[in-house]
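Notes to accompany the following structure.
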Amino acid sequence: MTKIDRALSNVPSRLDAASAVPLYQQLVVQLENRIASGEFGPGSVLPGEFDLSRGYGVSRITAKRALDELADAGLVKRERGRGTKVLKRPKAAAMRTSIDGWLDTISLMQSTTDVRLLQLDYLSATPDIAAALEVPQGTEVQRSVRVRTLEGTPMSYLVCFLPGAIGHGFDEDDLRKTAMLKLLERAGHTVALARQTVSATLATPETAQALDLLAGAPLLEVRRIARDADNVAVQYIRALYSPELYHIEMAMTRKVGPDGPLWSAEEDPS
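Using the working numbering, read the sequence shown as starting at 14 and increasing by one per residue.
This is the structure:
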């Protein structure tokens with residue numbers, strides 16, 4: 014079996030022709046992931062247009078466009094007669110956070126990154142937002158949409174919901190210049206604890222454009238409900254992160270329970 018045959022045998026899945034994401038973008042994301050994982054390291058040659066079209070079930074035009082996109086992004090170099098070679102890329106700066114020290118990490122993130130405000134408005138709380146903020150459905154809430162950048166590179170897409178009574182205390186200029194935790198403190202609500210969930214998702218065309226990614230690119234999704242010292246829910250945030258620029262660490266200990274040894278994370282603050 015040749016190297017190309019081995020590469021094609023590792024194709025994770027056929028592309029989804031019914032998806033709203035164009036096939037060439039789906040193929041770009043697949044190849045980007047295989048490059049990022051080290052399957053195709055610097056200096057290695059990617060399968061050509063014919064082999065990609067055969068392996069992924071797409072046309073040669075689609076395969077060519079995907080390879081051209083990778084070349085335009087600086088991931089590969091295309092040479093006539095030599096194929097498409099993976100280039101060595103400088104490692105991007107990354108923000109690292111831990112489960113047990115999330116407040117300190119978020120404060121650090123807000124002081125070392127830049128923010129761009131995309132949207133600020135007020136709306137009636139939908140059932141999921143109302144449940145998160147523990148307010149009646151239809152209650153006025155503030156919604157802000159921001160993008161954080163690290164050393165000029167977009168790293169997170171943030172959709173934040175606050176009770177309207179809190180949100181009316183600051184404006185667009187405040188959101189551009191002041192960290193959200195500071196604004197909440199100014200409003201008399203010092204964040205003391207939170208609960209968050211982390212999952213995987215794919216970039217929509219809107220979030221992909223904001224994060225300078227391709228639609229369908231993998232993202233980390235963090236949903237967090239923050240509470241003040243009186244245990245009042247004061248913030249509900251949905252954050253999307255590029256996995257290359259945001260890492261999560263969890264401290265764990267091995268304990269012996271009734272069912273035998275098991276791994277346990279640090280105690281939940283709530």
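Glycine is no exception: its CB is placed at the ideal position from the N, C-alpha and C atoms. Since the model is a prediction, treat every value here as computed from it, not as a measurement.
In terms of residue numbering, what span does the alpha helix (DSSP H) encompassing residue i cover?
i    : result
A205 : Per DSSP, A205 belongs to no alpha helix (DSSP H); it is in the beta strand (DSSP E), 204-215.
D141 : 140-146
V41  : 36-49
E257 : Where E257 is concerned, there is no enclosing alpha helix (DSSP H), given that its DSSP letter is neither H nor E.
T220 : 218-224
Starting from residue i, trace the beta strand (DSSP E) both ways and give me its first and last residue.
i    : result
V160 : 153-163
D241 : 231-241
To the nearest angstrom, how far is it from the Cα of residue i to the Cα of residue j?
i    : j    : result
A230 : R67  : 22 angstroms
L226 : V269 : 44 angstroms
N244 : T152 : 19 angstroms
F63  : G96  : 12 angstroms
V158 : L44  : 30 angstroms
I48  : G182 : 46 angstroms
V211 : V160 : 19 angstroms
Y135 : D272 : 50 angstroms
Using a beta-carbon distance below 8 angstroms, is residue i in contact with chain C?
i   : result
D81 : In the displayed structure, chain C is absent; only one protein chain is listed.
Going by beta-carbon coordinates alone, are residue i and residue j separated by less than 8 angstroms?
i    : j    : result
V71  : L28  : yes
L206 : R237 : no
L163 : T191 : no
A86  : Y170 : no
V128 : I179 : no
L59  : V34  : no
V154 : L175 : yes
C173 : I250 : yes
R91  : Y37  : no
P256 : L233 : yes
E295 : L258 : What the structure shows of the chain is the stretch from 14 to 283, and residue 295 is not part of that stretch, so it cannot be assessed.
How is residue i classed by DSSP in three states: helix, strand or coil?
i    : result
D134 : strand
F174 : strand
Q248 : strand
R67  : helix
T180 : Per the sequence presented here, residue 180 reads as Gly, with Thr not at that position. Of the three classes helix, strand and coil, the one that applies to G180 here is helix, per DSSP.
R189 : helix
L100 : coil
T266 : strand
D127 : strand
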